[in-house]
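Chemist: As given, the protein sequences belong to chains A and B, one line each in that order.
Under this note's numbering, the final residue of the first sequence carries the number 472; numbering is consecutive throughout.
Under this note's numbering, the final residue of the second sequence carries the number 472; numbering is consecutive throughout.
Backbone N, C-alpha and C define an ideal beta-carbon position, used for all residues, glycine too.
The structure follows.
Protein chains: 2
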Amino acid sequence: MKALKVGIIGFGTVGTGVYKVLQSFPNVEIIKIAVKNINKKREIENFDNNILTDNPYEIVNNPEIDVVIEVAGNVDPTFDILTTAIKNKKHIVTANKELLAKKGSELFKLAKENNVIILYEAAVAGGIPIIMPVKTILCANKISKIAAILNGTTNYILTKMSEKELSYETALKQAQELGYAETDPTGDVEGFDAAYKISILSTISFNKKVDINKIYREGITKITAQDIKSAKELGYTIKLIAMGQVLEDGKIDVRVHPMLVARKHLLAKIDNATNSIMLTGYPVGDLVLTGAGAGAEPTASSVVGDLLVLSAELESSDSPLPQAVCNHSEIADQIDIGETYNEYYISITASNNPGAIGIIGTICGKNNINISTIMQKGINEDNTAEIVVITERSKEADVQNALAELLKSNNIKNINNLLRVMN
Amino acid sequence: MKALKVGIIGFGTVGTGVYKVLQSFPNVEIIKIAVKNINKKREIENFDNNILTDNPYEIVNNPEIDVVIEVAGNVDPTFDILTTAIKNKKHIVTANKELLAKKGSELFKLAKENNVIILYEAAVAGGIPIIMPVKTILCANKISKIAAILNGTTNYILTKMSEKELSYETALKQAQELGYAETDPTGDVEGFDAAYKISILSTISFNKKVDINKIYREGITKITAQDIKSAKELGYTIKLIAMGQVLEDGKIDVRVHPMLVARKHLLAKIDNATNSIMLTGYPVGDLVLTGAGAGAEPTASSVVGDLLVLSAELESSDSPLPQAVCNHSEIADQIDIGETYNEYYISITASNNPGAIGIIGTICGKNNINISTIMQKGINEDNTAEIVVITERSKEADVQNALAELLKSNNIKNINNLLRVMN
Numbered sequence: 050m051k052a053l054k055v056g057i058i059g060f061g062t063v064g065t066g067v068y069k070v071l072q073s074f075p076n077v078e079i080i081k082i083a084v085k086n087i088n089k090k091r092e093i094e095n096f097d098n099n100i101l102t103d104n105p106y107e108i109v110n111n112p113e114i115d116v117v118i119e120v121a122g123n124v125d126p127t128f129d130i131l132t133t134a135i136k137n138k139k140h141i142v143t144a145n146k147e148l149l150a151k152k153g154s155e156l157f158k159l160a161k162e163n164n165v166i167i168l169y170e171a172a173v174a175g176g177i178p179i180i181m182p183v184k185t186i187l188c189a190n191k192i193s194k195i196a197a198i199l200n201g202t203t204n205y206i207l208t209k210m211s212e213k214e215l216s217y218e219t220a221l222k223q224a225q226e227l228g229y230a231e232t233d234p235t236g237d238v239e240g241f242d243a244a245y246k247i248s249i250l251s252t253i254s255f256n257k258k259v260d261i262n263k264i265y266r267e268g269i270t271k272i273t274a275q276d277i278k279s280a281k282e283l284g285y286t287i288k289l290i291a292m293g294q295v296l297e298d299g300k301i302d303v304r305v306h307p308m309l310v311a312r313k314h315l316l317a318k319i320d321n322a323t324n325s326i327m328l329t330g331y332p333v334g335d336l337v338l339t340g341a342g343a344g345a346e347p348t349a350s351s352v353v354g355d356l357l358v359l360s361a362e363l364e365s366s367d368s369p370l371p372q373a374v375c376n377h378s379e380i381a382d383q384i385d386i387g388e389t390y391n392e393y394y395i396s397i398t399a400s401n402n403p404g405a406i407g408i409i410g411t412i413c414g415k416n417n418i419n420i421s422t423i424m425q426k427g428i429n430e431d432n433t434a435e436i437v438v439i440t441e442r443s444k445e446a447d448v449q450n451a452l453a454e455l456l457k458s459n460n461i462k463n464i465n466n467l468l469r470v471m472n
Numbered sequence: 050m051k052a053l054k055v056g057i058i059g060f061g062t063v064g065t066g067v068y069k070v071l072q073s074f075p076n077v078e079i080i081k082i083a084v085k086n087i088n089k090k091r092e093i094e095n096f097d098n099n100i101l102t103d104n105p106y107e108i109v110n111n112p113e114i115d116v117v118i119e120v121a122g123n124v125d126p127t128f129d130i131l132t133t134a135i136k137n138k139k140h141i142v143t144a145n146k147e148l149l150a151k152k153g154s155e156l157f158k159l160a161k162e163n164n165v166i167i168l169y170e171a172a173v174a175g176g177i178p179i180i181m182p183v184k185t186i187l188c189a190n191k192i193s194k195i196a197a198i199l200n201g202t203t204n205y206i207l208t209k210m211s212e213k214e215l216s217y218e219t220a221l222k223q224a225q226e227l228g229y230a231e232t233d234p235t236g237d238v239e240g241f242d243a244a245y246k247i248s249i250l251s252t253i254s255f256n257k258k259v260d261i262n263k264i265y266r267e268g269i270t271k272i273t274a275q276d277i278k279s280a281k282e283l284g285y286t287i288k289l290i291a292m293g294q295v296l297e298d299g300k301i302d303v304r305v306h307p308m309l310v311a312r313k314h315l316l317a318k319i320d321n322a323t324n325s326i327m328l329t330g331y332p333v334g335d336l337v338l339t340g341a342g343a344g345a346e347p348t349a350s351s352v353v354g355d356l357l358v359l360s361a362e363l364e365s366s367d368s369p370l371p372q373a374v375c376n377h378s379e380i381a382d383q384i385d386i387g388e389t390y391n392e393y394y395i396s397i398t399a400s401n402n403p404g405a406i407g408i409i410g411t412i413c414g415k416n417n418i419n420i421s422t423i424m425q426k427g428i429n430e431d432n433t434a435e436i437v438v439i440t441e442r443s444k445e446a447d448v449q450n451a452l453a454e455l456l457k458s459n460n461i462k463n464i465n466n467l468l469r470v471m472n
């Protein structure tokens, strides 16, 4: 068996993890590794710095290299680097969810033209096997729904807020101190990371190209300790859910936002930095896949897994893995958040007078919203009261109209939060 | 793309499910279906009975057929039928866990000699993608441990015993009435089915041939309502667990038995007929895969998934899927249950006198068993008492010795149950 020759672009936590795992596979030869800083001290035994370069084009233009492993992240300059690699007939293994979400169509088209393949198991949910299973052993299925926890940082923060009754700010700070959140946490806490991942996963599950720019995205920064407490009393846990579904008319609904998840739901039980994907399809029914969604080792499992499958296939045939070729010519018809139907949790601050609940009920009714629970949560010092409303299944646009109308009433002081509910 | 020509052997629930799902895939042509009774009325629209035969050899000897789907079950005569198919250069897709567990080595050897492959995703955990992921995208991992709920019938019975405080007998009867258990439930309730599945899964996960005859197997028939109640009080749920692990010395420990599973463990939350597999490997860490473990549709998902992957591969290359070839030349060195270490739950009936607990403590101590909890569960009419003991990690042989010694004491009336504990 001829050794597969690879170049690695990016040598941070994940790149180093991949390097270490590859040491057990003598049939893979690492030719070159592109890094930002050649002179940085590396904590790896018997490491020869001569393998390093600070010019990634030395890898993608190296005729000796068969496969480029890209774990550098970012769109710019990575997109240009990988298009060069593809034009030079190199197969790609990447963990770069942002690049695939934003430039996947272009990359896959170019890969097809050049008869190379792009594998990206590590781009979604780290070590959890999901991309290859959806493309191979689950391919008999019509997948109709995905609901997933795809971001470990936000799940960690929400878990600590719930366990220790912390504010968002305190939980974020602790997550940063422990390395679960970055100094600039925007990509995680505002839901960008989860949106990249659900765009990729929805595209391969529904066989239609999902546009990242049409995904509704809402992060966890507005979740308060009071929301978590109220949710708990009602039998729910708050999770950042990335979801995608095919509607009856064939339109596609893809979004990322926090949800109240019923305590008996398997996703409600996924704590800390763990990721979990619930996938519904015919004929398979419901599947739930749970594991580490990030970290050097789980990510390396997927990167090296892709590489070894590719290596075995290249050994047996010149043509790429047929099931691994992306070919989503059809564009998903994505609906706007206003067109979606959900159950809702609404937290309202109202005047503490007998009319407040009547007004909420009346305005909801006028807007076609049936209320299933309404709870007063105690009186504030300024004689206002916190009121929590749970609605039956309603149209988002109707709910938004009702909230606007509520805010015009003298009795309603503030809409504190609007969250969707998953039972 | 040339249509793949298949023959189906077995046309019960699963066979019919496979037939129905295949109607959506015009590139698969069903040439012949072997059934027991040709004249039986089939509940399938536009079904042409001419496709049926009661002689499966008409399928395996038919030169037109490329792939044989076997969903008939049993070892005899299925083994002979499939060996004939393989010698006739037909690829096999099978759901037959018993056949693979008992005759897998012979079949895979023959398949290799004839350059055909055997796929069997449906043989373990129905619709849950586990066989192909372990062989492909997870192949960078050293898998060290599997703990799984692989039998839906027993999980359903144990769930109902727990939810409704039923006896085993009542829960079994209800499961039979609802179609969750067969008239002769032995294969499920005595753990045979789970043992077949864990032998297959351990073999591919540990890359060593596990011998079904060396798997310790204990069913759920001796679990009482009192055991379930005591377990609950202690924070546990009782589940039939199929487990396999690689020990530090490289020996393999594979077994099937009921366990007290700590309530916070993800497997404790798997209810009714659902299956779930927890797999621990390096570098991936812990993965939990959950879904329907049986039923026509989930099983068809795996059978048709195998078939479509095979079809795509045959289209691109003459050689079989490299990653799908079984090649476990090494034999697992399986340890006996006496050599295993576990925490234990022991239910004892003792005389209601002050010496009983002292005797239990003394005899456990003499046999190197540390007790972590000892609880008296109430006094019986005959002035005996139920005592529940939870031990720290101990050697099974020591525990068995202690139990034999306890039974010799006048104060100990009975050992009601001995169960292992998973935290």
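#1: Quick check: what's the CA-CA separation for Leu315 (chain A) versus Lys161 (chain B)?
#2: Do Val310 (chain A) and Thr339 (chain A) have their C-beta atoms closer together than 8 Å?
#3: Give a yes or no on whether 8 Å exceeds the smallest Cβ distance from Leu334 (chain B) to chain A.
#4: What residue range does the beta strand (DSSP E) around Ile195 (chain B) cover?
#5: Mind listing the chain A neighbours of Val358 (chain B)? Cutoff is C-beta to C-beta under 8 Å, in chain order.
#6: For a contact defined as C-beta to C-beta under 9 Å, what are the partners of Leu227 (chain B) on chain A?
#7: Note down, in chain order, every chain A residue with its Cβ under 8 Å from the Cβ of Lys318 (chain B).
#8: Can you tell me which of B:Leu468, B:Lys209, B:Ile108 puts its alpha carbon nearest to the alpha carbon of Gln449 (chain B)?
#9: For the region 244-276 of chain B, which segments carrying the alpha helix (DSSP H) assignment without a break, of at least 4 residues, lie completely within its bounds, in sequence order?
#10: Assuming Ala105 (chain A) and Gly66 (chain B) are in contact, meaning their beta carbons sit under 8 Å apart, how far apart are those beta carbons, in whole angstroms?
#11: Can you grab the Cα-Cα spacing for the pair Lys258 (chain A) / Ile380 (chain A), in whole Å?
#12: Can you list the alpha helix (DSSP H) stretches of 4 or more residues lying completely in the region 345-426 of chain B, in chain order?
#13: Grab the span of the alpha helix (DSSP H) containing Thr65 (chain B) for me, first residue to last.
#14: Using the beta-carbon of each residue, which ones in chain B are nearer than 8 Å to Ile79 (chain A)?
#15: Does the distance from the C-beta atom of Ala243 (chain A) to that of Leu296 (chain A) stay below 8 Å?
#16: Can you tell me whether Lys89 (chain B) is buried or exposed, with buried defined as 16 or more other CB within 10 angstroms of its CB?
#17: Relative to chain A, which residues along the region 139-173 of chain B have a C-beta separation below 7 Å, given in chain order?
#18: When you compare the CB of Asp242 (chain A) with every CB in chain B, is at least one pair closer than 8 Å?
#19: I want to see whether chain B comes within less than 8 Å of Ala349 (chain A), judged by CB atoms only; does it?
#20: Please list, in chain order, all residues of the same chain as Asn321 (chain A) whose beta carbon is under 6 Å from its beta carbon, the five residues on each side excluded.
#21: Would Ala224 (chain A) and Thr348 (chain A) be called neighbours here (beta carbons separated by less than 8 Å)?
#22: Spell out whether any CB of chain A is found under 8 Å from the CB atom of Ala341 (chain B).
#23: How about Glu212 (chain A): is its C-beta nearer than 8 Å to some C-beta of chain B?
#24: So for Asp335 (chain A), helix, strand or coil by DSSP?
#25: Measure the C-alpha to C-alpha separation of Ala361 (chain A) and Ile141 (chain A) and round it to an integer number of angstroms.
#26: Grab the span of the beta strand (DSSP E) containing Lys318 (chain A) for me, first residue to last.
#27: Along chain A, which residues have their Cβ under 7 Å away from the Cβ of Ile177 (chain B)?
#28: Run the CB neighbour count on Ser378 (chain B), radius 10 Å, all protein chains shown included, and call it buried at 16 or more, exposed below.
#29: Please list, in chain order, the chain B residues whose beta carbon lies closer than 8 Å to that of Gly66 (chain A).
#30: Does chain A have any CB closer than 8 Å to the CB of Pro182 (chain B)?
#31: Roughly how far, in whole angstroms, is the beta-carbon of Ile79 (chain B) from the beta-carbon of Ile57 (chain B), given that I think they are within contact range, below 8 Å?
#32: My output table needs one value for Ala172 (chain B): the three-state DSSP class, helix, strand or coil.
#33: Cα separation between Lys402 (chain A) and Ile439 (chain A)?
#34: Determine, for Asp355 (chain B), whether the minimum Cβ-Cβ distance to residues of chain A falls below 8 Å.
#35: With a threshold of 8 Å between beta-carbons, can Glu94 (chain B) be considered close to chain A, or not?
#36: Out of A:Lys462, A:Ile408, A:Asp447, A:Thr411, which has the shortest C-alpha to C-alpha gap to Ala431 (chain A)?
Modeler: Walking through what the data contain:
#1: Using only the alpha carbons, I get a separation of about 41 Å.
#2: No; because the gap between Cβ atoms is not below 8 Å, this pair is not in contact.
#3: According to the sequence provided, residue 334 (chain B) is Gly. The question's Leu does not apply to it. It does; some Cβ of chain A falls within 8 Å.
#4: First-last of the beta strand (DSSP E) with Ile195 (chain B): 191-198.
#5: The answer, in chain order, is Thr185, Ile186, Cys188, Gln372.
#6: In chain order: nothing, as chain A lies at least about 18 Å away.
#7: Chain A residues near Lys318 (chain B): Leu315, Lys318.
#8: The shortest C-alpha separation from Gln449 (chain B) is found at B:Leu468.
#9: Qualifying alpha helix (DSSP H) stretches: none in this window.
#10: Reading off the sequence, residue 105 (chain A) comes out as Pro, not Ala. In this structure Pro105 (chain A) does not touch Gly66 (chain B) by the C-beta definition: roughly 50 Å separates them, more than the 8 Å allowed.
#11: Using only the alpha carbons, I get a separation of about 5 Å.
#12: The qualifying runs are 345-365, 404-415.
#13: Start and end: 62-71.
#14: What Ile79 (chain A) touches in chain B: nothing, since even the nearest Cβ is about 14 Å away.
#15: No, the pair does not count as a contact, with Cβ atoms beyond the cut-off.
#16: Under the 10 Å beta carbon count, Lys89 (chain B) is surrounded by fewer than 16 other beta carbons and is classified as exposed.
#17: Answer in chain order: Glu170.
#18: No, no contact with chain B.
#19: Answer yes: the Cβ-Cβ gap between Ala349 (chain A) and chain B drops below 8 Å somewhere.
#20: The beta carbon of Asn321 (chain A) lies closer than 6 Å to those of Tyr205, Thr208 in the same chain, with the five residues before and after it left out.
#21: Contact flag unset, no.
#22: True, the Cβ-Cβ gap to chain A drops below 8 Å.
#23: Against chain B, the CB of Glu212 (chain A) has no partner CB under 8 Å away; the residue lies outside that interface.
#24: Strand.
#25: Answer to the nearest angstrom: the Cα atoms are 15 Å apart.
#26: In this chain, Lys318 (chain A) is not harboured by any beta strand (DSSP E), its DSSP state being neither H nor E.
#27: Simply Leu336.
#28: Result: exposed.
#29: The CB of Gly66 (chain A) comes closer than 8 Å to the CB of Pro332 in chain B, given here in chain order.
#30: Output row for Pro182 (chain B): interface = yes.
#31: With 8 Å as the limit, Ile79 (chain B) and Ile57 (chain B) qualify as a contact, their Cβ atoms being about 6 Å apart.
#32: Here DSSP, grouped into helix, strand and coil, assigns Ala172 (chain B) to helix.
#33: Just to set this straight, residue 402 (chain A) is Asn in the shown sequence, not Lys. Distance between Asn402 (chain A) and Ile439 (chain A), taken at the CA atoms: about 20 Å.
#34: Chain A contact via Cβ: present.
#35: No, its Cβ sits nowhere closer than 8 Å to a Cβ of chain A.
#36: Residue 431 (chain A) is actually Asp in this sequence, not Ala. Out of A:Lys462, A:Ile408, A:Asp447, A:Thr411, A:Lys462 has the C-alpha closest to the C-alpha of Asp431 (chain A).
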